[in-house]
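One structure is given here, and the rest of the page talks about it.
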Amino acid sequence: MSIDGPSNNAEIQVYDAVFSLGSNCQTAYQLRRISLRQEAGPLDWFVSKNIDQLIRLIEARFAGLMDRDNLERISAFRTCYCVRDTRYGILSYHDFPITERAADWALAYPEFKSKLCRRMDRMLHAWETGEKILFVRVNGGHDDCDRLYYSLKKQVKHSFDLIVIDTLADEDAPVTRWVEASGCIRYSISKGKDWRGSDEAWNKLLESVRLRQRLSD
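Note that my numbering has the sequence shown beginning at 554, numbered continuously upward.
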């Protein structure tokens, strides 16, 4: 594993909070593993592939996310149903346990929605009060990064950074860093062997990131 750009001598960056912006569970998993995810965010365990819909969600400040009337059950995945938010294209794979009768798939909804509301409120609170926030997303094109950065800039009151990570199939791919004109920080890293990604690559790219304190629950 090699890295183009800052390495062990990189300047330490201190943040009040670090949040996942998807596009899958790898981001939240790695942030938690590295102890940078001390509070859950609203997108942690969802799949959010469509950047346009993610931007709409950010600009709406999460209004209507996973509202019951917008949900449809589309399949089963291991022990849970896969449920899609038709408004934002968000997929849940872990929140609705398979029931004896498929028609009862939404029995877990009240508890799920309550938990999600707490996570949405937590992120919105950070947008208003955090002196410096880091957002991290796996996979996104050049133009998509810039648009995502500018959508956050309209919502986040104080300073923030956005890291967008492109994953490559080559297991020996170096960790490469560059910065877009918008200020979005880009990395390309090895994809890793499974959905969790490459621990070594994530360790490298976030080695200079620190948390200032925990946000209140």
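Ideal Cβ placement from N, Cα and C applies to all residues, glycine included. If you're wondering where the values come from, they're calculated on a predicted model, not measured in any experiment.
DSSP places Thr-682 in the helix class (H, G or I) of the three-state scheme.
Asp-638 has Leu-624 as its beta-bridge partners, per DSSP. In this structure, the alpha-carbon of Leu-618 lies about 12 Å from that of Ser-667. Secondary structure in the segment 712-736: the beta strand (DSSP E) runs of 3 residues or longer, each lying completely within the stretch, are 712-721, 728-732 in chain order. For the pair Ala-563 and Ala-656, the Cα-to-Cα distance works out to about 54 Å. Membership of Leu-758 in the alpha helix (DSSP H) is indicated by the continuous run 752-758.
Here the segment 695-710 does not lie against the segment 667-676, with fewer than 3 beta-carbon pairs under 8 Å apart.
CA-to-CA, the gap between Val-567 and Asn-756 works out to about 16 Å.
In this model, Trp-731 and Ile-738 are separated by some 6 Å (Cα to Cα). Distance check between Leu-721 and each of Thr-580, Asn-603, Ile-742, Gly-642 places Ile-742 closest, using alpha-carbon atoms only. Ser-588 carries a coil assignment under DSSP once its states are collapsed to helix, strand and coil.
A contact between stretches requires three or more CB pairs, one per stretch, nearer than 8 Å, and the segment 657-666 meets this requirement with the segment 623-639. Partner residues in the beta bridge of Phe-688, as assigned by DSSP, are Phe-572, Leu-715.
Taking the C-beta atoms as reference points, Ile-643 is found nearer than 7 Å to Phe-599.
Under a 10 Å Cβ-count criterion, Pro-595 is classified as buried, with 16 or more other Cβ atoms of the shown protein chains found around its own Cβ. Of Gly-575, Glu-684, Tyr-634, the smallest CA-CA separation from Phe-713 is found for Glu-684. Here Arg-671 is exposed. Its C-beta has fewer than 16 other C-beta atoms within 10 Å. Of the other Cβ atoms in all chains shown, fewer than 16 fall within 10 Å of the Cβ of Trp-748; this residue is therefore exposed. Taking the CA atoms as reference points, Leu-715 sits about 28 Å from Val-636.
No alpha helix (DSSP H) of 4 residues or more sits fully in the segment 649-678.
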